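In my numbering, the protein residues as written are 18 to 137.
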């Protein structure tokens, strides 16, 4: 109606297009690791899915922030800043640099961080 797609067709098309794009990005990142760093090649499918899931998670968070903050005048800039801050905080508190067991708020953020699950 009114030139809009149905929710099912929108979700299906969006998932198919994003899945292909994200998988191509993950494979392009992995080619460098496996060719130049001589990683264990039988693990390529698992690593490709892990990279794709991590990229897709941050892309979905960015889309949610962009839509959620679109009503503000500086919404796009604020959404980009929030995405960058979230990515940096996820990278910092993923357990890769700082180990857990400290204040409760950091422990909660570590459990919710997408990169914590990618690095473990």
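All residues carry an ideal CB built from backbone N, CA and C; glycine is no exception. Note that the coordinates shown come from a computational prediction; the quantities given were computed from them, not determined experimentally.
Asked, Found
"Residue 110 to residue 87, Cα distance in whole Å?", "28 Å"
"For residue 51, which three-state DSSP category applies?", "helix"
"Flag this pair as yes or no: are the beta carbons of residue 75 and residue 47 separated by less than 9 Å?", "no"
"Report the CB separation of residue 100 from residue 79 in whole angstroms; it is logged as a contact under 8 Å.", "5 Å"
"Could you check the C-alpha separation between residue 91 and residue 30 for me, to the nearest Å?", "30 Å"
"Distance check for residue 66 and residue 40, CA to CA, integer angstroms please.", "7 Å"
"Are the beta-carbon atoms of residue 72 and residue 96 separated by less than 9 Å?", "no"
"Run the CB neighbour count on residue 89, radius 10 Å, all protein chains shown included, and call it buried at 16 or more, exposed below.", "exposed"
"Classify residue 130: buried if its beta carbon has 16 or more other beta carbons within 10 angstroms, exposed otherwise.", "buried"
"In its own chain, which residues sit with a C-beta less than 7 Å from the C-beta of residue 103, not counting the 5 before and 5 after it?", "78"
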